[in-house]
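The block underneath contains the structure these notes are about, expressed in structure tokens.
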Amino acid sequence: MNQLIEISKEYSIDITENQCEQFKTYFELLVEWNGFMNLTSITEKKDVMIKHFLDSMMAAKYVDLSGKTLIDVGTGAGFPGLPLKILVPELNVCLLDSLNKRVKFLNEVIDRLSLSGIDAVHMRAEDGANNKLYREKFDFATSRAVANLSTLSEYCLPFVKQGGKFISYKSDDCEEEINSSKNAIKILGGKINKVESFVINSLDGEVLGRSLVIIDKLSSTDKKYPRKAGVPSKSPL
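Each residue of the sequence shown is one higher than the one before, starting from 127 at the first, in the numbering used here.
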């Protein structure tokens with residue numbers, strides 16, 4: 127895992143030896159738990175380092191997360207929220223997922239890494255965004271979920287306070303998706319600020335084109351959004 131320190135430096139991301147040890151433990155738990163539940167199809171150490179850990183940390187290059195609050199919606203095995211928390215210890219994180227067994231895994235990682243200022247919550251995004259404890263309470267929302275940007279915006283923007291940002295992790299081939307989502311984002315109180323595109327080079331020569339779609343929360347989201355469970359994905363705005 128020491129390779130992660132060197133690789134991250136190439137992207138101007140500095141990781142300490144202690145953080146590297148945390149990533150090592152995270153990887154070991156990911157592989158262990160993946161043996162009896164479906165967390166990820168990516169399990170080779172070099173692939174996890176690049177495609178999960180490094181990719182997740184890239185948001186910290188473009189926004190200042192220190193001392194902020196972040197909710198990771200549909201976090202799955204903790205990406206990108208957990209790597210961002212490891213990288214920026216002062217970041218307060220809520221990991222939200224609809225599957226309780228994934229939340230149990232996340233709590234095990236949090237406990238083993240002795241992390242504070244982070245919680246894993248078992249809840250659907252539609253329910254969480256309508257809960258007064260979470261609605262418009264966060265500086266940032268993130269998602270690496272596989273869904274179109276219109277749907278993800280309906281899930282995520284209601285969590286973001288005015289002046290905050292929603293950061294959607296996408297491939298580099300997302301221009302059409304971005305253009306088709308602009309009206310939905312406007313309805314939800316947001317506006318696309320910028321798209322940060324970059325490439326990540328894997329250790330076996332594979333080049334991964336990635337984009338971070340950074341959306342500003344300009345105004346409060348109408349209380350009718352998000353719509354009831356299942357509707358945002360079946361009928362995007």
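Even glycine gets a Cβ: it sits at the ideal position worked out from N, Cα and C.
Taking the Cα positions, LYS263 is about 10 Å away from ASN257. Taking CYS300 as the centre and dropping the five residues before and after it, the same chain places the C-beta of SER337 closer than 6 Å to its C-beta, in chain order. Only exposed fits PHE162, as fewer than 16 other CB atoms lie within 10 angstroms of its CB. Taking 8 Å as the cut-off, the Cβ atoms of LEU165 and ARG228 count as close. For secondary structure counted as the beta strand (DSSP E) over 3 or more consecutive residues, the region 222-250 holds these complete runs in sequence order: 244-248. DSSP, read as helix, strand or coil, puts VAL339 in strand. Taken through DSSP and simplified to helix, strand or coil, GLY254 comes out as helix. Apart from the 5 residues on each side of it in sequence, SER297 sits with its Cβ closer than 7 Å to the Cβ of GLY335, ARG336, SER337 in its chain, given in chain order.
Per DSSP, THR195 is one residue of the beta strand (DSSP E) stretching across 195-199. Here LEU156 is buried, its C-beta having at least 16 other C-beta atoms within 10 Å.
Beta-carbon to beta-carbon, VAL339 and SER294 are separated by about 4 Å, close enough to satisfy the 8 Å threshold.
Residues GLU262, LYS263, PHE264, ASP265, LYS343 of the same chain have their beta carbon placed closer than 7 Å to that of LYS287, with the five preceding and five following residues left out of the count. A distance of 8 Å or more separates the beta carbons of PRO209 and SER242.
In the pairwise beta carbon analysis, the region 308-318 is classified as touching the region 269-282: at least three pairs are separated by under 8 Å.
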